[in-house]
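Here is the structure we will look at.
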Amino acid sequence: MATSIQFDDNRQASLEASLGLEKERPRSNLNDPATSNDSLPPFLLDKKSLERLGRERPDIFPNIWVELGFCSSLIASELLAEYFVSGFNNLLPHITTALSIPAHAQTWPASVFSLVTGACLLPVARTADIHGPRLLFNIGLIWFVVWSFIAGWSTNYTMLIVCRALQGLGPAAFLPAGIMLIGSIYRPGPRKNLVFSLYGAFSPVGFYGGICVSGLSGHYLSWRWYFYIGCMIVLVVLVISLVSMPMIRLPRHTADLKMDWWCGTIVPGLILLVFAITEGSHAPDGWRTPYVLVTFLVGIALLAAAFYVEGWVATEPLLPFDVFKVKSMSPLFVALSFSYGVFGIYLFYASFYIQDILGHDSLISAAWFAPMAAGGVILATVGGFTLHHLPGKLLLLISGAGYLVSMLLFAIIPDNPNYWAYVFPAMIAATVGVDIGYSVSNIFITTNLPQSRQGVAGAIINTIVFVGISFFLGLADTVVSQTDDLGEKRSYKAAFWFGVACSGVAIVLLVFIRVGKAQSDLTVEERIQLAESLAVGDVTPEQLAAAGHSASASS
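When you line the sequence shown up against my numbering, it's residues 667 to 1221, in that order.
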């Protein structure tokens, strides 16, 4: 449908030129001396030609307008996921009053969305590998529409928690599918950097949009309108996706790929573990309460079973262990878990601190969070044009410092704070942390995994985000409960100090990670092809040297 749309070539070329990108050149015959360089395998191209290849529009898009529609639907899906996280946190004080949510249950409506999304990402990503990411992306949006609408009709907090849990299955489908689509369609280079940066840039837009809509709904309308407005936005995104999203050819191995049902134990395992951590501080007898101890032990057992099955039993594991063999990948995953956990703590407790301790309503709270949106768009957009010039390790350390500063400022904030001295820099630091870290890590992960692992990449990236938020939010809730006798203000500050400690751990881990510049480069498949060609003598080191490469490029 989308491929039949025709646009003016001059307008299209002008738009691509303004973005610093190039239109795909037609491939010519190898014997044509004017274009024979384009017909060479990528690993024999000189660096200038490889750089141009990283800027070109993928062949799957007939024109830039279809590509813009595709990117818009993916970017908006990330926006919507953030909308239903941040806005709900900001609106939670109103919902708590309206639905009479007891103190011990207030964490669940906020965390269950992220928990279910994170727990279900790996099995849903396998479904995308089998049936294609386009189908799963659109099914996820449809599911999201339905449960967002039903959530707005919740009559008690139990119904709300159930709706939020089922709502979380939508992002579990469309988020990894979106990452899979970007990672499969775009090769390493500035164009991929720009798409991923814009994808990350609209995360703070969705974050702030959720806060604004929730603030306006809570102040002038009803908390229910927050869900209804979000539902309408999802419908628009669904239409754009159906019109513009291309069909991509799946790798050959997916024809025989099957679901690893045994690894399904990871879903209840994660849910039970986080449930136990969250409930342990509110149960009648604390951690000695039987149901808390049982759910904790069963959760650990199920996760251990999933680990064993994935490593030594499953023939087609949902989480192949070869993913962790990529240099710096394992410490990066751990560091990101701490970082996103800190971000979840910041979102939840900063909203409550501004409203409950400082005494401002949801509308003022929304205004105070504005720098996160503006700063995020600027940072991520500029990053799209500069990531290939800056070392990834430096950017990740800056990201870690951003998390640390945001938590520290709220941990030491006085009773009557100056907004510009404490809250404003904390908001800027938070967006520095999440946006820079998200873009750099996504590019590194998807670039260093083959196309057959892009579904896994999307699942891992989003699992770290959502499970990290739920897990560390549960730990922070335990900290708050254990310091409850100090008063509400000091218990909230204890949560911020816990976030400071987690930020410090993340920075220490990032010091040992090696991530280079996000330049135009060979794909993983091309590196494998190069290594095979060198082994059989089809390509010589002299040919590589003439193209400006070395044999190490194959590793």
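Even for Gly, the Cβ is constructed at its ideal location relative to N, Cα and C.
- With contacts defined by Cβ atoms closer than 8 Å, TYR1019 and TYR1158 form a contacting pair.
- Cβ contact annotation for HIS1026 (same chain, cutoff 7 Å, sequence separation greater than five): ILE1020, in chain order.
- With respect to the C-alpha of ALA1039, the residue from LEU1063, PHE987, ALA1092 having the closest C-alpha is ALA1092.
- Rounded to the nearest whole angstrom, the C-alpha separation of SER907 and SER739 is 5 Å.
- For the segment 985-1024, the full-length alpha helix (DSSP H) segments reaching 4 residues or more read 995-1018 along the chain.
- Look at GLU1154 here: in three-state DSSP terms it is helix.
- For THR1129, the enclosing alpha helix (DSSP H) starts and ends at 1120-1148.
- Burial is judged here by how many other beta carbons sit within 10 angstroms of a residue's own beta carbon; SER888 has fewer than 16 and is exposed.
- Put simply, of LEU1024, VAL1043, ILE741, GLN772 the residue whose alpha carbon is nearest the alpha carbon of ARG830 is GLN772.
- Secondary structure of GLU722 (DSSP, three-state): strand.
- For the 8 Å CB-CB criterion, THR944 and LEU968 do not form a contact.
- Just measuring C-alpha positions, the residue of GLY876, VAL782, LEU901 sitting nearest VAL811 is LEU901.
- Counting C-beta atoms within 10 angstroms of its own C-beta, ASP1101 has 16 or more neighbours from the protein chains shown and is therefore classed as buried.
- For GLU744, the enclosing alpha helix (DSSP H) covers residues 730-764.
- Secondary structure note for ASP795: its alpha helix (DSSP H) is the uninterrupted segment 773-797.
- By the neighbour-count definition (other C-beta atoms within 10 Å, threshold 16), ILE1078 is an exposed residue.
- Taking the Cβ atoms as the reference, SER777 lies roughly 7 Å from GLY1140, within the contact range of under 8 Å.
- In this chain, TRP889 is not harboured by any alpha helix (DSSP H), its DSSP state being neither H nor E.
- Less than 8 Å separates the beta-carbon of SER1065 from that of GLY1103.
- DSSP places GLY849 inside the alpha helix (DSSP H), whose first and last residues are 835-851.
- For VAL1181, the three-state secondary structure derived from DSSP is coil.
- ILE1030 and ILE1023 have their C-alpha atoms some 13 Å from each other.
- Spatial neighbours of VAL958 in its own chain (CB-CB distance under 6 Å, excluding positions within 5 residues in sequence) are listed in chain order as ALA942, GLU945, GLY946, ALA949.
- Counting along the chain, no alpha helix (DSSP H) covers VAL975, and no H or E run does either.
- By a beta-carbon distance limit of 8 Å, ILE816 does not contact PRO775. Their separation comes to about 14 Å.
- Out of PRO728, ALA1167, GLY1170, PHE1009, the CA that lies nearest to the CA of SER752 is found in PHE1009.
- Short of 7 Å from the beta carbon of ALA791, and not among the five residues preceding or following it, lie these beta carbons of its own chain, in chain order: PRO842, GLY1121, VAL1122, GLY1124, ALA1125.
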